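Residue numbers (this note's numbering): 86 to 375.
Backbone N, C-alpha and C fix where the C-beta goes; we use that ideal spot for every residue, glycine too.
The structure presented is a predicted model; accordingly, all values stated were derived computationally and were not measured.
All remarks here apply to the structure that follows.
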């Protein structure tokens, strides 16, 4: 492991470069994520097969395909994971990699949330609600520009309401409640050190430059008092935490991909989704029973 000395005013910081073991751990998860991305990109026109779960959704509501929305979320999640790993493998960045992981959690997590329900009405309610919310946020963004949308944003939102009504679906049943509630609802390891919700909260905190989050993802190696109640802190990236949060991102991408395959494959099929906890060597970890 190489050591590089950098300087801040009045502080000398020795930063340990990532070891081969660290790089291998990052590359291992990255390769598994990229493999999924390659499979998605390799079949750009793929959607629900006849007699699949989503085929029933598409027959009932052909205007928007959940498979297409989920595929888009998967592609974006994979790109953000790749970007985060590229940063860490090439330079001792402190925080942007965690903001990228947050984007991956949200993109893949939204796909999981969309595909997870077994009931058709629930999936369609979520699909239409997600579409409506997208246009609502777009309207907010558009309102800050001098451009005239010609009423398109309001029309799209009304269309969503009308579509739900014509299907006899309560669109409010598809409400996610925002990303924190969405992530919490799909967290497969609540209370665990590798909880998706915990990882999302940390990375979200980094995105907003919250002090507690920035302190969480870095390690202080030196400090210098400046004035009463104020000091300069020299910090280095916590690569171990990045590896943990990267593993969480890989897991939610895998979860989204598995659900995509389950929902788009013709039934009957034997595919199911189950969580099996393994260590980084691939060995099954037996959970302790209370």
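To the nearest angstrom, how far is it from the Cα of residue i to the Cα of residue j?
i	j	result
residue 264	residue 248	24 angstroms
residue 319	residue 310	12 angstroms
residue 366	residue 330	17 angstroms
residue 221	residue 245	11 angstroms
residue 123	residue 345	15 angstroms
residue 286	residue 145	37 angstroms
residue 297	residue 113	29 angstroms
residue 86	residue 105	Its pLDDT being 33, under 50, residue 86 is placed unreliably in this model, and the value from its coordinates should be taken loosely. Cα-Cα distance, rounded: 8 angstroms.
residue 136	residue 347	12 angstroms
residue 98	residue 305	With a pLDDT of 42 at residue 98, under the threshold of 50, the modelled position of this residue cannot be trusted; read the value that follows with caution. The alpha-carbon atoms of residue 98 and residue 305 are separated by roughly 10 angstroms.
residue 328	residue 274	17 angstroms
Identify whether residue i lies in helix, strand or coil by the three-state DSSP scheme.
i	result
residue 98	With a pLDDT of 42 at residue 98, under the threshold of 50, the predicted position of this residue should be treated as unreliable, and no value is reported.
residue 326	helix
residue 241	helix
residue 287	helix
residue 305	strand
residue 268	helix
residue 111	helix
residue 311	strand
residue 320	strand
residue 260	coil
residue 295	coil
residue 217	helix
residue 369	strand
residue 187	helix
residue 352	coil
In terms of alpha-carbon separation, which member of the options lies closest to residue i?
i	options	result
residue 175	111, 201, 362 and 236	111
residue 223	321, 144 and 236	236
residue 162	145, 188 and 148	188
residue 116	281, 148 and 170	170
residue 258	198, 294 and 234	198
residue 364	279, 165 and 343	279
residue 333	343, 240 and 284	284
Where does residue i land, buried or exposed, given buried means 16+ other C-beta within 10 angstroms?
i	result
residue 70	The chain is shown from 86 up to 375; residue 70 falls before or after that span and cannot be answered.
residue 231	exposed
residue 312	exposed
residue 216	buried
residue 362	exposed
residue 371	exposed
residue 360	exposed
*Determine, using beta-carbon pairs with one atom in the stretch 200-209 and one in the stretch 173-180, whether at least three such pairs fall under 8 angstroms.*
no
*Would you call the stretch 151-170 and the stretch 128-140 in contact, with 3 or more CB pairs under 8 angstroms?*
yes
_contact_flag[the stretch 133-142, the stretch 350-357] where n(CB pairs < 8 angstroms) is 3 or more_ = yes
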